[in-house]
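*Asks:* Our numbering puts the first residue of the sequence shown at 14, with every later residue one more than the last.
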Amino acid sequence: MTPEMAPQIEKGQIVEIDGYKIEVLLTEPEIDKRIVELADQIDSDYLGKKLKVIMILKGASSFGEDLIRELGKGNSAIDRKPRDIEIDYKGTTSYGSKTTTSGEVKDTISMDSSIKDEDVLVVEDILDTGKTLLHVVNKMSEEEPKSLNVCVLLDKKERRIVNINAKYVGFDIQNVFVVGRGLDYKQKFRNLRFVGILLNPDKEEKIN
Ligand code: 5GP
Ligand code: MG
14 MTPEMAPQIE KGQIVEIDGY KIEVLLTEPE IDKRIVELAD QIDSDYLGKK
64 LKVIMILKGA SSFGEDLIRE LGKGNSAIDR KPRDIEIDYK GTTSYGSKTT
114 TSGEVKDTIS MDSSIKDEDV LVVEDILDTG KTLLHVVNKM SEEEPKSLNV
164 CVLLDKKERR IVNINAKYVG FDIQNVFVVG RGLDYKQKFR NLRFVGILLN
214 PDKEEKIN
């Protein structure tokens, strides 16, 4: 089958993978378009500046790579020059394998470069209660970056319990548990190019 013939995955469609039912919330083209818009905005805000992009693993690696690919492309005709960007990674975990946060944030991987006096953009997959990002931002602030802003693909604003907001937000979503574009359930579904609501996280319990 040629790529042109591949069936389009539509919004609202229910996709079944390994017995899990996932309802498509955001389609691949919709997400790709929004990432270009975010990159344009970041390019114009950081015009002429070197940018240090820190991706929070594992969830942000997919979105983060898509985002930095668009930075400096000159989509907005504001900044047509390739950008001076450095990347680093930081690992945190809070969820375990459940669909509700444990609230306890653990560092799993630390950055191997300094952010002192750098313009830092922290990239995360999703802002939920905000505990993960608050933990990350507080720790990074101790290293005295020149500036520190946050970019997330998804924001569940109604779930917030600590005071943190992202300057750049791809999509505001309701209080639903989503997978795809880096977001997992028990380490599955990070590879999906769409974002979908996991309808039956307890499928195994029902079968047994
Ligand atoms: P917070 O600390 O803001 O409550 O949670 C942030 C982290 O929880 C995210 O980095 C992500 O790993 C996880 N998380 C929050 N909501 C969702 C969701 O709807 N789906 C998935 N797969 N992970 C989520
Ligand atoms: Mg995460």
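Cβ coordinates follow ideal geometry from the N, Cα and C atoms, glycine included.
Among the candidates R194, L212, K201 and D168, whose CA atom is the shortest distance from the CA of S75?
*Replies:* Your numbering for residue 75 matches position 62 in the sequence shown. It is R194.
*Asks:* Under a Cβ-count criterion, where at least 16 other Cβ atoms within 10 Å of its own Cβ denotes burial, should R82 be classed as buried or exposed?
*Replies:* Along the sequence shown, one-based indexing puts residue 82 at 69. It counts as exposed.
*Asks:* First and last residue of the beta strand (DSSP E) that includes T121?
*Replies:* By one-based count along the sequence shown, residue 121 stands at place 108. It spans K119 to I122 - the beta strand (DSSP E) in which T121 sits, taken as one unbroken run.
*Asks:* Using a Cβ-Cβ cutoff of less than 8 Å, which residues in the same chain neighbour I98 once the five nearest sequence positions on both sides are dropped?
*Replies:* The sequence position of residue 98 within the sequence shown is 85, counting from 1. Only K63, L64, K65, V66, I81, L84 and G85 meet the Cβ criterion.
*Asks:* Count the other CB atoms, across all protein chains shown, that sit within 10 Å of the CB of P42; report buried if there are 16 or more and exposed otherwise.
*Replies:* Position 29 of the sequence shown, counted from the first residue, corresponds to residue 42. Under this definition P42 is an exposed residue.
*Asks:* Based on Cα-Cα distance, which residue from V165, L51, K129 and R47 lies nearest to P158?
*Replies:* Residue numbering aside, residue 158 sits at position 145 when the sequence shown is read from its first letter. Checking every option, the nearest Cα to that of P158 belongs to K129.
*Asks:* For L161, which of helix, strand or coil comes out of DSSP?
*Replies:* Translated into positions along the sequence shown, residue 161 becomes position 148. Strand.
*Asks:* Note the first and the last residue of the continuous alpha helix (DSSP H) segment covering T40.
*Replies:* Locating residue 40 in the sequence shown gives position 27, where the first residue counts as 1. Neither: T40 is in no alpha helix (DSSP H) and is coded neither H nor E.
*Asks:* At a cut-off of 8 Å, would you count S75 as near the ligand 5GP, judging by its Cβ distance to the nearest heavy atom?
*Replies:* Here residue 75 is taken as the residue at index 62 of the sequence shown, counted from 1. No, the beta carbon of S75 sits no closer than 8 Å to any heavy atom of the ligand 5GP.
*Asks:* Is R206 near the ligand 5GP - that is, is its Cβ less than 8 Å away from at least one heavy atom of it?
*Replies:* Locating residue 206 in the sequence shown gives position 193, counting from the first residue. Flag unset: Cβ of R206 not near the ligand 5GP.
*Asks:* Rounded to whole angstroms, what is the Cα-Cα separation between V118 and H148?
*Replies:* Stepping through the sequence shown from its first residue, residue 118 is reached at position 105. Stepping through the sequence shown from its first residue, residue 148 is reached at position 135. Looking at the two C-alpha atoms, the distance is approximately 7 Å.
*Asks:* Name the residue from D141, V136 and E78 whose alpha carbon lies nearest to the alpha carbon of P107.
*Replies:* Along the sequence shown, one-based indexing puts residue 107 at 94. Note that residue 107 is Ser in the sequence shown, not Pro. For S107, the nearest C-alpha among the options comes from D141.
*Asks:* Please determine whether the Cβ atom of V150 lies at a distance below 8 Å from any heavy atom of the ligand 5GP.
*Replies:* Numbered from 1 along the sequence shown, position 137 holds the residue referred to as residue 150. For the ligand 5GP, not one heavy atom lies less than 8 Å from the Cβ of V150.
*Asks:* Determine the contact status of V175 and G143, defining contact as a CB-CB distance below 9 Å.
*Replies:* Looking up residue 175 in the sequence shown gives position 162. Looking up residue 143 in the sequence shown gives position 130. The answer is yes: Cβ separation under 9 Å.
*Asks:* Quick check on T121: buried or exposed, where buried means 16 or more other Cβ atoms within 10 Å of its Cβ?
*Replies:* The sequence position of residue 121 within the sequence shown is 108, counting from 1. T121 is exposed by the Cβ-count criterion.
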